[in-house]
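**Student:**
2 protein chains.
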Amino acid sequence: MPNRTSDQKPTQKMIADRAGISVGAVSRALANDPKIAADTRRMVQALATEMGYSPDRAAQRLRTGRTQVINLILPPHEEIFGFGTSLIRGITRGLEGSSFHLVVMPDFDADAAGEDTLRRIVRNRLSDGVLFSRTEPDDTRVRFLAEAGFPFVSHGRTELSTPHPYVDYDNYGFAYEAARRLIARGARSLSILLPPPNLSFRQHLLHGFMTAVRESGVRHEIFEGADLDSTPEQVRAAVEARYRAPDAPEGLILPGEVSGLAALAAVQDIGLVPDRDVRLVVKQTTGLFDLVRPRVDSIFEDLPEAGVQMAQLLLRRIAGEAPEALQYLQPISAPVASGPDR
Amino acid sequence: MPNRTSDQKPTQKMIADRAGISVGAVSRALANDPKIAADTRRMVQALATEMGYSPDRAAQRLRTGRTQVINLILPPHEEIFGFGTSLIRGITRGLEGSSFHLVVMPDFDADAAGEDTLRRIVRNRLSDGVLFSRTEPDDTRVRFLAEAGFPFVSHGRTELSTPHPYVDYDNYGFAYEAARRLIARGARSLSILLPPPNLSFRQHLLHGFMTAVRESGVRHEIFEGADLDSTPEQVRAAVEARYRAPDAPEGLILPGEVSGLAALAAVQDIGLVPDRDVRLVVKQTTGLFDLVRPRVDSIFEDLPEAGVQMAQLLLRRIAGEAPEALQYLQPISAPVASGPDR
DNA sequence: CTTTGCGTTTATAACGTTTTAAATATGTCT
DNA sequence: AGACATATTTAAAACGTTATAAACGCAAAG
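The listed protein sequences derive, respectively, from chains F and C. Residue numbering for the first sequence follows the working numbering, beginning at 9 and increasing consecutively. Residue numbering for the second sequence follows the working numbering, beginning at 9 and increasing consecutively.
What follows is the structure in structure tokens.
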């Protein structure tokens, strides 16, 4: 435990006084600068830990310009549950041991001065790098940050030509696997609920879905009347409306937990029996569906792990690594997938 | 939009140069110090906004010692969903317009130097105040922070004699109302799943439960074999075990969403029909149970609102208000409660 | 005409750190 | 012995801000 010689927060000056050397020497000794004699370094470092020294972030930041902060941008969109906290836990884990702090900022619209959150962060050097989600194929945030040379990692890819760091879940794989499972379970017509058109992963889901559909020649449609951003009640109502019709698809893919629950509620509300009248596959991020009855087949997306990856890639980006080396596509975790048969 | 006369981040020095006055004058003009002539103040302020000036946080922090940061301590306990993100959104809303930043920190165990998260924050002045949850009757964090005179707001009360700022949900009211509803619906024996004994709100829940039980003279028990911190599977298994027995309570109160879901799964798994064989009331924080079938009676806890309150109370505490004026007990929101009958 | 006082501004120091350039000591080589 | 390189340390400046003390101009009062 730190020596409480004085109640004041120890500074380099105090160390310097106790050691009988200058503060400059202390600074470099702590940085393990070889310009300082090896035994002086050892002495200073020992003294520092003994006194419980830790550098003043403000002073460091003022001097060097490095904030030791990364920002997580929260979408203004109110999510019902899950997404934020899993990712945040992952990020803090990925930051562990790095002396970086995580500041979460809501993506408020442009403020009085006409500057939005991201511009404020870059212009005022509020952090050394940012993380965000809900990436679009032609994402203005990605463009802006890449242009400004500001480190970032997006959750989700873009279709921009210049490579940039990202972490993304293999939504292609998800949709493909989900469709295959439904077909294997006897569904002769498929549907999938998609995110709104502006989000990148809509394309990936669609592509995976269509690939499986074409391979098997099964009938298919894209679910209409709601998307993944619709309120749960909208999803429920839309699914109910569709499944009142006689030609409703026998298999339905729901790439979101809330939507999955809403769809399940809808089919139950109109007296259909899941797994007999309609087969579902949902995306699961929290373990929620292990507790839902009747059981529904699910495929897992590990958000905490995505957070860890995003944090670590961002740190490497900040350290100067090239963007193209910092891309991670998260596979669908086959073994964890828990179905109704387990 | 800010004038991009130069690409550099504008400083007080630049303003001073353009205005032909000293930086000290600029500093005080921006602070609206009456020692500066009124028209000078106006002039400087206009110039500042025109140039897009905003103060350098590091410099401000170094000079004044005020960090303009508040910390949210995340419990090490992995929650399945919901809690964190709702609260975080609320906190950011409560901080809006205040120039305070929110840094989230996991409550890791004591690090190599033997200091835990809270001590590090206080000792190194990493923030101006902290927020945390999972408060205990004799909470060491509350003791430590109160002793150190460090601003904080806890989510949950303590039994300590010195008053401190908190935001708490009326869990007494929740349990009382839940029990009353179950009795009104015909349950002749009641049970409640409680948090582990070290958490404050166990007492409040228990007290509300017991009050309702005594008023009505109904049979009762405290659910055993699992608590609110148990894994969902543990809760499920324990509920299943209890409800296989013939004397199982006719009403069960579940003050947590995950536990509610787990209990519902358990009774369904053994062929009991909810609302006929066993009546449930759950606590809802996300709208989740509006999507669960069969419908389950629920009482709402507004976590985003709790976050807003916590943030605002903390800001007032930091501003110097007395602790005893900064306590907020969140009522159960009667009108929002949605039952199976709606 | 000096003094006193007030309103306003400036010069300066300080917060704790890193970095640059200069200074000192310790040699080695001619 | 002088010169010169090398290793180690120190002194000083800087980052942008706020606070303290001093200074200035100018009026009213003595």
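C-beta: ideal position from N, C-alpha, C; glycine also.
Can you grab the Cα-Cα spacing for the pair C:S162 / C:D147, in whole Å?
**Tutor:** Indexing the second sequence from 1 puts residue 162 of chain C at position 154. Indexing the second sequence from 1 puts residue 147 of chain C at position 139. When rounded, the distance between both Cα atoms is 10 Å.
**Student:** Is the shortest distance between the beta-carbon of F:G295 and the beta-carbons of chain C less than 8 Å?
**Tutor:** If you number the first sequence from 1, residue 295 of chain F lands on position 287. It does; some Cβ of chain C falls within 8 Å.
**Student:** How is C:S162 classed by DSSP in three states: helix, strand or coil?
**Tutor:** Start at 1 with the first residue of the second sequence, and residue 162 of chain C comes out as number 154. DSSP places C:S162 in strand when its eight states are reduced to three.
**Student:** Out of C:L198, C:V266, C:P18 and C:T170, state which residue places its alpha-carbon closest to the alpha-carbon of C:Y61.
**Tutor:** Locating residue 61 of chain C in the second sequence gives position 53, where the first residue counts as 1. Checked all of C:L198, C:V266, C:P18 and C:T170; the closest Cα to C:Y61 is C:P18.
**Student:** My guess is that F:P173 and F:D136 are in contact by the Cβ rule of under 8 Å, so how many angstroms apart are they, rounded?
**Tutor:** Counting from 1 along the first sequence, the entry for residue 173 of chain F is found at position 165. Counting from 1 along the first sequence, the entry for residue 136 of chain F is found at position 128. Not confirmed; about 14 Å, so no contact.
**Student:** Please state whether the Cβ-Cβ distance between C:A303 and C:L190 is less than 8 Å.
**Tutor:** Within the second sequence, the letter at position 295 stands for residue 303 of chain C. Within the second sequence, the letter at position 182 stands for residue 190 of chain C. Per the sequence shown, the amino acid found at residue 303 of chain C is Arg instead of Ala. No.
**Student:** Taking F:D305 as part of the beta strand (DSSP E), name the residues at either end of that continuous run.
**Tutor:** Numbered from 1 along the first sequence, position 297 holds the residue referred to as residue 305 of chain F. It spans D305 to F308 - the beta strand (DSSP E) in which F:D305 sits, taken as one unbroken run.
**Student:** Can you list the residues of chain C that F:A66 reaches, using a CB-CB cut of under 7 Å?
**Tutor:** Here residue 66 of chain F refers to the residue found at position 58 of the first sequence. Those within 7 Å of F:A66 in chain C are A66, R69 and L70.
**Student:** At 7 Å on the CB atoms, spell out the chain F contacts of C:V112, in chain order.
**Tutor:** As a first step, residue 112 of chain C must be located in the second sequence, where it is residue number 104. Within chain F, the residues near C:V112 are I96, T100, L110 and V112.
**Student:** Which of the three DSSP states is assigned to C:L110 in this structure?
**Tutor:** On the second sequence, residue 110 of chain C is found 102 positions in, with the first residue counted as 1. For C:L110, the three-state secondary structure derived from DSSP is strand.
**Student:** Give the secondary structure of F:H215 by DSSP, where H, G and I count as helix, E and B as strand, and everything else as coil.
**Tutor:** On the first sequence, residue 215 of chain F is found 207 positions in, with the first residue counted as 1. Of the three classes helix, strand and coil, the one that applies to F:H215 here is helix, per DSSP.
**Student:** In terms of alpha-carbon separation, which member of F:R227, F:R244 and F:E248 lies closest to F:E258?
**Tutor:** Here residue 258 of chain F is taken as the residue at index 250 of the first sequence, counted from 1. When each option's Cα is compared against that of F:E258, the closest is F:R227.
**Student:** Compute the Euclidean distance between the alpha carbons of C:L260 and F:L323, then round it to the nearest angstrom.
**Tutor:** Here residue 260 of chain C refers to the residue found at position 252 of the second sequence. Here residue 323 of chain F refers to the residue found at position 315 of the first sequence. Each residue's Cα considered, the two are about 48 Å apart.
**Student:** Quick one: using the 10 Å Cβ neighbour count with 16 as the cut-off for buried, is F:D255 buried or exposed?
**Tutor:** What you label residue 255 of chain F is simply residue 247 of the first sequence in a count that begins at 1. Looking at its Cβ environment, which holds fewer than 16 other Cβ atoms inside 10 Å, F:D255 is exposed.
**Student:** Could you compute how far the alpha carbon of C:P145 sits from the alpha carbon of F:R69?
**Tutor:** Working through the second sequence from its first residue, we reach residue 145 of chain C at position 137. Working through the first sequence from its first residue, we reach residue 69 of chain F at position 61. Their Cα atoms are separated by approximately 39 Å.
**Student:** Going along the stretch 43-56 of chain C in order, which residues come within less than 7 Å of chain F, judged by CB to CB distance?
**Tutor:** none
**Student:** Exposed or buried, which one is F:R222 when buried takes at least 16 other CB atoms within 10 Å?
**Tutor:** Counting from 1 along the first sequence, the entry for residue 222 of chain F is found at position 214. By the Cβ neighbour-count rule, F:R222 is exposed, with fewer than 16 other Cβ atoms within 10 Å of its own.
**Student:** Can you have a look at F:R235 and say buried or exposed, based on whether 16 or more other CB atoms are within 10 angstroms of its CB?
**Tutor:** As a working note, residue 235 of chain F is residue 227 in the first sequence. This sequence places Asp at residue 235 of chain F; Arg is not what is there. It is buried - the Cβ of F:D235 has at least 16 other Cβ atoms within 10 Å.
**Student:** Spatial neighbours of C:V175 within its chain, please: CB distance less than 7 Å, with the 5 preceding and 5 following residues excluded, ordered by chain position.
**Tutor:** Along the second sequence, one-based indexing puts residue 175 of chain C at 167. The answer, listed in chain order, is V161, H163, A314, Q317, M318, L321, Y336 and Q338.
**Student:** Could you check whether the Cβ of F:S62 sits closer than 8 Å to any Cβ belonging to chain C?
**Tutor:** Start at 1 with the first residue of the first sequence, and residue 62 of chain F comes out as number 54. Interface residue, yes.
**Student:** Less than 8 Å between the C-beta atoms of F:I99 and F:L82, yes or no?
**Tutor:** Position 91 of the first sequence, counting from 1, holds the residue named residue 99 of chain F. Position 74 of the first sequence, counting from 1, holds the residue named residue 82 of chain F. Contact flag unset, no.
**Student:** Assign C:P282 to buried or exposed, taking buried as 16 or more other Cβ atoms, counted over all protein chains shown, within 10 Å of its Cβ.
**Tutor:** Locating residue 282 of chain C in the second sequence gives position 274, where the first residue counts as 1. Buried, by the Cβ-count rule.
**Student:** Only counting runs of 3 or more residues, tell me where the beta strand (DSSP E) segments fall wholly within the stretch 277-346 of chain C, in order along the chain.
**Tutor:** Here the runs fully enclosed are 287-292, 305-308 and 335-338.
**Student:** Is C:K21 buried or exposed, if buried means 16 or more other CB atoms sit within 10 Å of its CB?
**Tutor:** The residue given as residue 21 of chain C occupies position 13 in the second sequence. The residue is exposed, with fewer than 16 neighbouring Cβ atoms inside 10 Å.
**Student:** My assumption, with CB atoms under 8 Å, is that F:F297 sits in contact with F:V289. Please give the rounded CB distance.
**Tutor:** Start at 1 with the first residue of the first sequence, and residue 297 of chain F comes out as number 289. Start at 1 with the first residue of the first sequence, and residue 289 of chain F comes out as number 281. In this structure, F:F297 and F:V289 do not form a Cβ contact; the two beta carbons are roughly 10 Å apart against a cut-off of 8 Å.
**Student:** Between the Cα of F:A245 and the Cα atoms of F:S199, F:A253 and F:G233, which residue gives the shortest distance?
**Tutor:** Position 237 of the first sequence, counted from the start, is the residue given in the question as residue 245 of chain F. Ranking F:S199, F:A253 and F:G233 by Cα distance to F:A245 puts F:G233 first.
**Student:** Only counting the same chain, and skipping five residues up and downstream in sequence, which positions put a Cβ closer than 7 Å to that of C:A40?
**Tutor:** On the second sequence, position 32 is the one that residue 40 of chain C refers to. Looking at the sequence itself, residue 40 of chain C is Asn, so the reference to Ala does not match. Taken in chain order, the residues that qualify are R49.
**Student:** Given C:A37, which residues of its chain have a CB within under 7 Å of its CB, disregarding the five upstream and five downstream residues?
**Tutor:** The residue labelled residue 37 of chain C in the question sits at position 29 within the second sequence. Closer than 7 Å at Cβ, skipping near neighbours: I44, T48, R49, V52 and Q53.
**Student:** Return the first residue and the last residue of the beta strand (DSSP E) that C:E229 is part of.
**Tutor:** Here residue 229 of chain C refers to the residue found at position 221 of the second sequence. Its beta strand (DSSP E) spans residues R227 to I230.
**Student:** Could you list which residues in chain F have their beta carbon closer than 7 Å to that of C:K21, in chain order?
**Tutor:** Reading the second sequence from its first residue, position 13 is the one you call residue 21 of chain C. Those do not exist, as C:K21 stays about 14 Å from chain F at its closest Cβ, beyond 7 Å.
**Student:** Which same chain residues end up closer than 6 Å to C:A220 when comparing Cβ atoms and leaving out the 5 residues on each side of it in sequence?
**Tutor:** Counting from 1 along the second sequence, the entry for residue 220 of chain C is found at position 212. Excluding positions up to five away in sequence, the list reads Y184, A187 and R188.
**Student:** In terms of alpha-carbon separation, which member of F:A270, F:L207 and F:P84 lies closest to F:R142?
**Tutor:** Taking the first sequence and counting its residues from 1, one reaches residue 142 of chain F at position 134. For F:R142, the nearest C-alpha among the options comes from F:L207.
**Student:** Compare the C-alpha of C:D178 against each of C:L168, C:R151, C:F217 and C:P205 and name the closest.
**Tutor:** Sequence index remark: in the second sequence, residue 178 of chain C carries index 170 (1-based). It is C:F217 whose Cα lies nearest to the Cα of C:D178.
**Student:** Helix, strand or coil: how does DSSP classify F:Q16 here?
**Tutor:** Translated into the one-based positions of the first sequence, residue 16 of chain F becomes position 8. Note: F:Q16 maps to coil in three-state DSSP.
**Student:** Please work out which residues of its chain come closer than 7 Å, Cβ to Cβ, to F:L280, disregarding the five sequence neighbours upstream and downstream, and give them in chain order.
**Tutor:** If you number the first sequence from 1, residue 280 of chain F lands on position 272. Counting only residues of its own chain and dropping the five nearest sequence neighbours on each side, F:L280 has a CB closer than 7 Å to the CB of Y251 and V286.
**Student:** Are the C-beta atoms of F:K17 and some chain C residue less than 8 Å apart?
**Tutor:** By one-based count along the first sequence, residue 17 of chain F stands at place 9. It does; some Cβ of chain C falls within 8 Å.
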